[in-house]
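Working notes, beginning with the structure itself.
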Amino acid sequence: MGKKRNAKKSGSKVTGPVKLLPQTRTELSALVDEVFKRCTKVPSATAPNAAQEWTEYTEIFQLIQNIRNLEKDVLLPAYSREEQIPTFMSWLKEKGVKISGVEIGDFGMQGFGLKTTEDLQQGVEVINVPLEAMMTEDTARKSYLGPLIERDPILQHMGNVSLALHVLGEYVNPQSPWQPYLRILPASYSTTLYFSQEEVLGLKGSPALEEAVRQFRNIARQYSYFYRILHSLPEARSWPIKDYFTFDAYRWAVSTIMTRQNRVPTKGASGQLALIPAWDMCNHEQGIYSTDYDEEKNCCVCLAQKDFKKGDQFTIYYGKRHNVELFLHNGFVEIGNENDSLAIKLGVSKNDPLHDEKVALLTSLGLPSSGSFMLIPGLHPISPGLLAFTRIFCMDKGSLDKWKDDGEGQGSATRGLRFRAYPTTLEEDQAALPTLKGNEAIVRSLLMCEKMILKDAMTYLSSLLPK
Ligand SMILES: C[S@@+](CC[C@H](N)C(=O)[O-])C[C@H]1O[C@@H](n2cnc3c(N)ncnc32)[C@H](O)[C@@H]1O
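If you read the sequence shown in the UniProt record's numbering, its first letter stands for residue 1, the second for the next number, and so on.
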């Protein structure tokens, strides 16, 4: 979400980061070491259960809170997005970016976006961004962080992480040629890295909870890993990023990449991740893909995905993403998302007295004895594989014996689906949503969409029951 910057007034000078006292630095290093130790702990032989993962998460979360407290005076430079628009537009022109029929506007909860300044017909070219205007894994390697990126195993393999460090490295370098672009980016995001523990707990019942917990742990690990490198590497002493490298700065950079990155082709390689200025101002709407990469001219070309009237928001279609994905990687949820789906995990319990028979039956049908199955919204929410699985999963001895006969087991399958642990009902969510704001509203929309998929699944399964 493009939240407004907590902006300084225009013309404010970037004065450099606050230097921490040696004692604070020592305390901070000890906490960072502890986070690193916990986040890299080899998992126990038995898979950790949800309660264990939650306890570990709360402990890491608390350590990060203590770190954030020590780092609280080290702030990234802040700018008013609004005031940056003219400089950004001139910079785009210098870089050869062509934009026609749209201008930057503020779309409230959706953050900044593009507004049409004339009627646009479907198929007309609206944005054209040459490779030279993009921040890419290549430009990261050519930056002052290049030598680190070349030799660090994580940065070599994770283009998104090197792009995050690149963005932060350039943002805190007043001499950076990327400043006009970076200064117009949102100052904070609605990704779960910005959530309080209560907000994360609000995801109870959703598969997004587990993912959000893992994401936080991963980013905490990366933060502690790079903190240690930046504070031990002799050449990093002169790097602008070193003194600004806080947890908050890192989560900002990571969220910038998560919500805006795209893969562009590179000659003779599998492509690279890129930030595409101006094009990344487009918000999402259901529709059709209308962006392509011209490999001959090396530019990203965006056409109008439909007819737009003057004054409309100019949107693009981000692609087939279900809501949990949109929520985790883009920080928003689309009610009525045509591509929504819900993963449910099912597995035959080792303690089930019929375990062996059920597994044998599943195997004979070519189905796994445990796994993640997808439910989709609408009239046919359940794949034949999942339907067969739920039937066997819920069978008793009698049904198992005569399973081949006909439609038994479906009654228990609907019971299986009801076992999800949401603390609120769909109706309660629908009533509460209009009163909620910010992250709470996003979370509640997600839960509501999941419950609607489950409701469809229940209706479908009930319709299969013998009347
Ligand atoms: C590529 S950026 C688009 C520009 C962004 N709004 C900004 O202020 O810079 C993607 C982000 O825009 C927001 N966004 C895009 N489409 C949206 C939608 N349909 N509903 C809500 N937020 C949306 C989300 O925060 C998403 O992570």
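The beta-carbon is built from N, C-alpha and C at its ideal position, and this holds for glycine as well.
Just so we're clear, the structure is a prediction, and the values are computed from it rather than from any experiment.
Relative to the non-hydrogen atoms of ligand 1, the Cβ of residue 385 never comes closer than 7 Å to any of them.
With a beta-carbon spacing of about 6 Å, residue 273 and residue 263 fall inside the 8 Å limit used to define contacts.
Beta-bridge partners of residue 374 (DSSP): 343.
In this structure, ligand 1 has a non-hydrogen atom nearer than 7 Å to the beta-carbon of residue 280. When the alpha-carbon of residue 366 is set against those of 385, 353 and 373, the nearest one is in 385. Rounded to the nearest whole angstrom, the CA to CA distance from residue 122 to residue 293 is 18 Å.
Judged by pairs of C-beta atoms under 8 Å, the region 187-202 does not touch the region 306-318, as fewer than three such pairs exist. Rounded to the nearest whole angstrom, the C-alpha separation of residue 94 and residue 87 is 11 Å.
Residue 284 and residue 338 have their C-alpha atoms roughly 13 Å apart. For ligand 1, no non-hydrogen atom lies closer than 7 Å to the CB of residue 256. Per DSSP, the unbroken beta strand (DSSP E) holding residue 115 starts and ends at 112-116. For residue 285, the CB falls within less than 7 Å of some heavy atom of ligand 1.
Spanning the alpha carbons of residue 457 and residue 56 requires a straight line of approximately 34 Å. A residue is called buried when at least 16 other Cβ atoms come within 10 angstroms of its Cβ; residue 448 meets this threshold and is buried. The region 205-220 makes contact with the region 315-335, as at least three CB pairs between them are under 8 Å.
Of the residues 357, 248, 113 and 26, the one whose Cα lies closest to the Cα of residue 64 is 248. Between the alpha carbons of residue 332 and residue 110 lies a gap of roughly 8 Å.
Remark: the C-beta of residue 113 is in contact range of ligand 1, defined as less than 7 Å to any heavy atom.
The beta carbon of residue 444 sits closer than 7 Å to those of 429, 432, 433 and 436, all from its chain and outside the five residues before and after it, given in chain order.
With at least 16 other beta carbons inside 10 angstroms of its own, residue 169 counts as buried. Under DSSP, residue 356 shares a beta bridge with no residue.
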